[in-house]
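Asks: Position one of the sequence shown corresponds to residue 3 (my numbering), numbered consecutively onward. Glycine included, every Cβ here is placed at the ideal spot set by N, Cα and C. Remember, it's a predicted structure, so these values are computed and weren't measured experimentally. This structure is in structure tokens; I'll ask about it shortly.
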Amino acid sequence: MHIVWGILQIFSAYVIRTSAQQISSKIHDGWWAYKDVVQGSFVPVPSFWGLVNTAWNLCAMGKRQSPIDIETSRMIFDPYLTPLRINTGTRKMGGTMYNTGRHVSLRPDKAHLVNISGGPLGYSYRLEEVRLHFGSEDEQGSEHLLNGQAFPGEVQLIHYNQDLYANYSEAAKSPNGIAIVSIFIKLSEASNMFLNRMLNRDTITRITYKHDAFLLMGLNIADLYPDTTRYITYDGSITIPPCFETATWILINKPVYITQMQMNSLRLLSQNEPYKIFLSMSDNTRPGQPLLQRCIRTNINFSKQGRDCPNNRAVRPQYRVNQWLLK
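Laid out in structure tokens, this is it:
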């Protein structure tokens, strides 16, 4: 009897360990989603990210999470915020555009060095990925909000600290590891030159399904940036699990534009493989997170200049942040 009981204990331990390894493997492989999946299997949406894996507890318990609602009345003018510096080495870059099942992702060829410095950054940060967020309707799609308002989309340029860390994975876990430049997307009759290369019909139809990829060459990352040196910055997190609080966010104070046809093409991208049911990739956004005691700094000049943090007084800017974004 003791022998049988011992065998049962060993078997139970094996089953538990194997199950845990399977779950851990799922999590390691990216076992999360932005919205409910209709096939019937449970995949954690943002409200569950911090509950299904202890390694992701910052998603639920963190104090510097992203995205946030940028309230212009809470911004602080910082006269020491210099313009960003973009260094492409005077060369155009190549990159591979992917349908990851969650994002349209452009990852530069490692042979082409593109980095940013200056502004709120004390180091040089290398471009790792250009990532697109967008909505199923024109009234939603950006991760960040501006005075409570969402935009049809948001493009995020994700960089890692190449001065301190060897790669993105190492930097994402470490202080001062990540810098993310964020630009709101609006609809217009004309398209941003860089995004037009990504979203024209001949290109976007090559990545209709999850795991599809397409190589682009001759890209100039400077074409993606709007014509302004003004921005907003705050300390936050990456917006996917494990939500590490290692990101410096820089939100450019002017949008980029794509056409309605290009937005409709984005909504036709599937988050699944071709042999599975079609689920649009749209609404690939994490809900807004509390600002708590963080500062929102800007180099947009105010009539009252203050460097105290947090900002406890309502400051009326001379140049409103939404002059470009909300018109």
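#1: Please confirm whether Y227 and I252 have their CB atoms less than 8 Å apart.
#2: Run through the DSSP bridge pairs and tell me what L159 is partnered with.
#3: Threshold first: 4 residues or longer. Then list the alpha helix (DSSP H) segments lying entirely within the stretch 52 to 137, N to C.
#4: Compare the beta carbon distance of N117 and L108 with 8 Å and say whether it is the shorter of the two.
#5: So, helix, strand or coil for A173, using DSSP?
#6: When the Cα atoms are used, what is the spatial distance from T261 to G143?
#7: Excluding five sequence neighbours on each side, which residues of the same chain lie with their C-beta closer than 6 Å to the C-beta of M195?
#8: From the DSSP secondary-structure annotation, give me the bridge partner or partners of R299.
#9: Taking Cβ positions only, does S49 come closer than 8 Å to chain B?
#10: Helix, strand or coil for I25 per DSSP?
#11: Beta carbon of E131, beta carbon of Y211: below 8 Å?
#12: Which residue's Cα is closest to the Cα of P392: V45, N178, V54, E191?
#13: Below 6 Å CB to CB, which residues in the same chain sit around F280 once its five sequence neighbours on both sides are set aside?
Replies: Answer, in terms of the structure:
#1: One-based indexing of the sequence shown puts residue 227 at position 225. One-based indexing of the sequence shown puts residue 252 at position 250. In this structure, I252 does not lie closer than 8 Å to Y227 by Cβ.
#2: As a working note, residue 159 is residue 157 in the sequence shown. Looking at the DSSP output, L159 shares a beta bridge with V132, V183.
#3: If we require 4 residues or more, the alpha helix (DSSP H) runs fully inside the stretch 52 to 137 come out as 60 to 63.
#4: The sequence position of residue 117 within the sequence shown is 115, counting from 1. The sequence position of residue 108 within the sequence shown is 106, counting from 1. Not closer than 8 Å, so no.
#5: By 1-based counting over the sequence shown, the position of residue 173 is 171. DSSP places A173 within a helical segment (H, G or I) once states are collapsed to three.
#6: By one-based count along the sequence shown, residue 261 stands at place 259. By one-based count along the sequence shown, residue 143 stands at place 141. Cα to Cα, the separation comes out at about 15 Å.
#7: Residue numbering aside, residue 195 sits at position 193 when the sequence shown is read from its first letter. Counting only Cβ-Cβ distances below 6 Å, and skipping sequence neighbours, we find D225.
#8: Here residue 299 is taken as the residue at index 297 of the sequence shown, counted from 1. Answer is I78, T235.
#9: Looking for chain B here will not work: only one protein chain is present.
#10: Here residue 25 is taken as the residue at index 23 of the sequence shown, counted from 1. Unreliable placement is indicated for I25, whose pLDDT of 40 sits below 50; no coordinate value is reported for it.
#11: Numbered from its first residue, the sequence shown carries residue 131 at position 129. Numbered from its first residue, the sequence shown carries residue 211 at position 209. No, the Cβ-Cβ distance between E131 and Y211 is not below 8 Å.
#12: Absent from the structure is residue 392, since the part of the chain shown begins at 3 and ends at 329.
#13: By 1-based counting over the sequence shown, the position of residue 280 is 278. Here the set comprises S272.
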